[in-house]
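Have a look at the structure below before the remarks.
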Amino acid sequence: MTANTPTTGDSKRSVTGVTSVTGVTGVTGQRIFSGIQPSGRLHIGNYLGAISQFVPLQEEYECIFGIVDLHAMTQLYEKDEMSQRITNAAVNYLACGLDPNKATLMLQSGVAEHAELAWILSTVTPLPWIQRVPTFKEKARHQPDNVNMGLLNYPVLMAADILIYKSVAVPVGEDQRPHLELTREIARAFNARFGSFFPEPAEIIGSQARVIGLDGKNRMSKSLDNCIYLDDEPDVIREKIAKQGVTDPARVKRTDPGNPDICNIFTWHKLFSTKEEQAYCAKECRKAGFGCLDCKAILIKNILAVLEPIQERQKELMADLDGVKEIIRDGTDRARKIAQETMKEVREITGLTYLS
Ligand code: AMP
Ligand code: TRP
3 MTANTPTTGD SKRSVTGVTS VTGVTGVTGQ RIFSGIQPSG RLHIGNYLGA ISQFVPLQEE
63 YECIFGIVDL HAMTQLYEKD EMSQRITNAA VNYLACGLDP NKATLMLQSG VAEHAELAWI
123 LSTVTPLPWI QRVPTFKEKA RHQPDNVNMG LLNYPVLMAA DILIYKSVAV PVGEDQRPHL
183 ELTREIARAF NARFGSFFPE PAEIIGSQAR VIGLDGKNRM SKSLDNCIYL DDEPDVIREK
243 IAKQGVTDPA RVKRTDPGNP DICNIFTWHK LFSTKEEQAY CAKECRKAGF GCLDCKAILI
303 KNILAVLEPI QERQKELMAD LDGVKEIIRD GTDRARKIAQ ETMKEVREIT GLTYLS
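According to my numbering, the sequence shown is numbered sequentially starting from 3.
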C-alpha cells in the first residue's frame with residue numbers, strides 16, 4: 003500500500019503471494035472505482051497488480067469495476083473483436099473472485115455520462131497538464147501512426163470514470179499513478195471553479211504493483227509478448243517459463259552459482275512460493291546445487307496451483323455467456339443511475355440548466 007491510501011490497512015501476503023488488503027476501514031456508501039481496458043487477454047500482472055486487490059475491497063466498500071471500452075478505442079482494433087474482448091475481461095474479473103452480488107461490474111460505453119463529464123472536465127484542464135503525462139508520450143511513441151486526440155484525452159476520460167461516482171479511492175498498478183495524480187488535480191480545478199463538489203480520490207497501490215514480465219526487465223504488458231495470461235493452458239505456461247523466463251544472466255552453465263537477488267524467476271517465487279520454497283531455491287541457486295530448470299519447476303507448480311481454480315471458473319463462465327452478459331447489463335444499469343444523478347448536479351453547478 004502507498005502512503006496515499008484512504009486508510010492505513012495492513013498488507014498481508016497469503017501462501018500464493020497475493021496481497022490482500024486487510025483492516026481497511028471502508029465506510030458503507032464510500033465508493034471505489036477501477037477499470038481495465040478490454041484490449042486483449044488479461045495476464046498475471048493485471049491479476050496481482052489490480053484484480054487481486056479488488057476482491058478484498060468489495061467486502062468493505064461500494065465497488066464499481068469498469069470494462070473501459072472507450073479507452074480501448076485509442077488503439078487500433080478489429081470491430082468484430084471488441085465484444086469478444088469485453089467478454090474476456092468480464093470472465094476474468096468474475097473468475098478472479100469479483101462477486102456481482104457485492105460489487106458492480108459495468109461497461110463504460112453503456113453509461114454515456116462518462117463521456118459527457120469528460121468533456122466538462124476537459125474545459126477545466128490546462129493543456130500542459132495533459133501534455134506532460136508520461137503515458138501519453140509512451141503511447142505516442144508506441145503507435146506513431148495513430149497519435150489520435152483520444153490518446154490526449156485518455157486521462158481526462160479516466161478522471162471522469164472515477165469522479166462521476168464520487169469515488170474516494172482507486173485500486174491500480176504502479177503505472178497508473180500519474181493518472182491518479184492528474185485526476186486529483188482535475189477535481190481540484192473543477193472545485194476551484196464551480197465550488198467544492200468532487201472528492202479527491204486516493205490511489206490504492208498494492209505491493210505487487212509492477213510485475214516484471216518473462217523477459218526479466220520490462221513490466222509485464224500485453225504489448226510486449228512477455229506475459230503469462232490467466233487463460234494460458236498449463237502446457238503453454240510450462241513452456242513459456244522454461245524457454246522464455248530470463249534468469250540471472252551470469253549463470254550460463256549448470257555449474258555456475260547464481261544470484262537470486264537479480265533473478266526475475268526468484269522475484270516470481272516471492273509472489274507464488276512458500277517461504278520454505280523461497281529459502282530452498284535461494285540456497286540451491288547460490289551454491290549451484292540445482293539448475294535453473296529445477297528452480298523453474300517449483301515455480302511452475304505454484305503458478306499452476308494459483309491459476310487452476312481461476313481457469314476452472316473461467317470455463318464455467320464461458321459455458322454461460324448469456325449469464326455473464328446479464329451481470330454486465332445489470333451492473334451497467336446500476337452504475338448509470340448513479341452517474342445520471344451526478345450529472346444532474348454537475349449541470350446545475352455549471353449553469354447548464356437552460357432547458358430544465
Ligand atoms: P491494463 O491492462 O493496462 O488495462 O491494466 C489494468 C490494471 O492492471 C491497471 O490497474 C494496471 O496498473 C494493472 N497492471 C497492468 N500491468 C501490470 C503489471 N505488469 N504489474 C502490475 N499491475 C499491472
Ligand atoms: N488507464 C487504466 C489502465 O490502462 C484503465 C482505466 C480507465 C482506469 N479508467 C480507469 C483505471 C479508472 C482506474 C480507474 O489500466
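By construction, the Cβ of each residue, glycine as well, lies at the ideal position given by its N, Cα and C atoms. From a predicted model like this one, the values you see are computed outputs, not experimental measurements.
Query raised in the report: How about P203 and T185: are their beta carbons less than 8 Å apart?
Result: yes
Requested in this report: Just the C-alpha distance for E279 and P251, rounded to the nearest angstrom, thanks.
Outcome: Roughly 22 Å separates the two Cα atoms.
Query raised in the report: Between which two residues does the alpha helix (DSSP H) containing C283 stretch?
Result: K277 to R288
Requested in this report: Report yes if the C-beta of V170 is less than 7 Å from at least one heavy atom of the ligand TRP; otherwise report no.
Outcome: V170: no, Cβ never under 7 Å from the ligand TRP.
Query raised in the report: Just how far apart, CA to CA, sit L44 and H144?
Result: Put simply, the backbone Cα of L44 is about 20 Å away from that of H144.
Report task. Could you tell me whether the segment 76–84 touches the segment 44–53, using the rule of 3 or more Cβ pairs below 8 Å? Result -> no
Query raised in the report: First and last residue of the beta strand (DSSP E) that includes V172?
Result: A171 to P173
Query raised in the report: How long is the line joining the alpha carbons of A337 and R349, rounded to whole angstroms?
Result: 18 Å
Query - Where the beta strand (DSSP E) containing E205 begins and where it ends - result: Annotation for E205: the continuous beta strand (DSSP E) segment containing it runs A204 to I206.
Report task. Quick one: using the 10 Å Cβ neighbour count with 16 as the cut-off for buried, is D147 buried or exposed? Result -> exposed
Query raised in the report: Beta carbon of M320: closer than 7 Å to some heavy atom of the ligand TRP?
Result: no
Query - Cβ neighbours of V70 in the same chain (closer than 6 Å, five flanking residues each side left out) - result: G37, Q39 and Q110
Query raised in the report: I122 to E328, Cα distance in whole Å?
Result: I122 and E328: Cα-Cα distance of roughly 31 Å.
Query raised in the report: So, helix, strand or coil for G353, using DSSP?
Result: coil
Query raised in the report: Does DSSP put F199 in a helix, a strand or coil?
Result: coil
Query raised in the report: Less than 8 Å separating the beta-carbons of Y167 and H73?
Result: Between Y167 and H73, the C-beta spacing is not below 8 Å.
**Report entry** Boundaries (first-last residue) of the alpha helix (DSSP H) holding E115
**Finding:** E115 to S124
Report task. Taking only runs that begin and end inside the segment 201–241, name each unbroken alpha helix (DSSP H) of 4 or more residues, in chain order. Result -> 236–241
Report task. Would you be able to state if there are at least three C-beta pairs under 8 Å between the segment 91–105 and the segment 319–328? Result -> Three or more Cβ pairs closer than 8 Å define a contact, and the segment 319–328 meets that threshold against the segment 91–105.
Query raised in the report: Is the beta carbon of A281 sitting closer than 8 Å to the one on E115?
Result: no
**Report entry** Near the ligand TRP: H73 beta-carbon under 7 Å from a heavy atom
**Finding:** yes
Report task. Leaving aside the five residues before and after Q313 along the sequence, list all residues of the same chain whose C-beta is less than 8 Å from its C-beta, in chain order. Result -> A97, L232 and D233
Query raised in the report: Candidates A162, I188 and D227: which alpha carbon is nearest I214's?
Result: The residue with the shortest Cα to Cα distance from I214 is D227.
**Report entry** Supposed close pair L2, L273 - CB separation, criterion 8 Å
**Finding:** There is simply no residue 2 to check, as the chain begins at 3 and stops at 358 in what is shown.
Report task. Using a Cβ cut-off of 8 Å (strictly closer), state whether F196 contacts chain C. Result -> In summary, chain C is missing from the structure at hand, where a single protein chain is found.
Requested in this report: Look up S358 in the DSSP assignment and say whether it is helix, strand or coil.
Outcome: coil
Query raised in the report: At what residues does the alpha helix (DSSP H) containing M108 begin and finish?
Result: Premise fails: M108 lies in the beta strand (DSSP E), T106 to L109, not in any alpha helix (DSSP H).
Requested in this report: Please classify M345: is it buried, with 16 or more other beta-carbons within 10 angstroms of its beta-carbon, or exposed?
Outcome: M345 is classed as buried because its beta carbon has at least 16 other beta carbons within 10 Å across all chains shown.
Query - beta-carbon G37 near the ligand TRP non-hydrogen atom, thresh 7 Å - result: yes
Query - Helix, strand or coil at G68 according to DSSP, with G and I counted as helix - result: strand
Query raised in the report: For I302 versus I239, is the C-beta spacing smaller than 8 Å?
Result: At the C-beta level, I302 and I239 come within 8 Å of one another.
**Report entry** Reference T276; option with closest CA among V308, N261, G291 and P259
**Finding:** V308
Query raised in the report: Within this structure, are the beta carbons of G208 and Q32 separated by less than 8 Å?
Result: Cβ atoms of G208 and Q32: not closer than 8 Å.
Report task. Could you check the C-alpha separation between P102 and I34 for me, to the nearest Å? Result -> 15 Å
Requested in this report: Run the proximity test for G218: is its beta-carbon closer than 7 Å to any non-hydrogen atom belonging to the ligand AMP?
Outcome: no
Requested in this report: Give the DSSP bridge partners of F35, in chain order.
Outcome: Answer is I66, bridged to F35.
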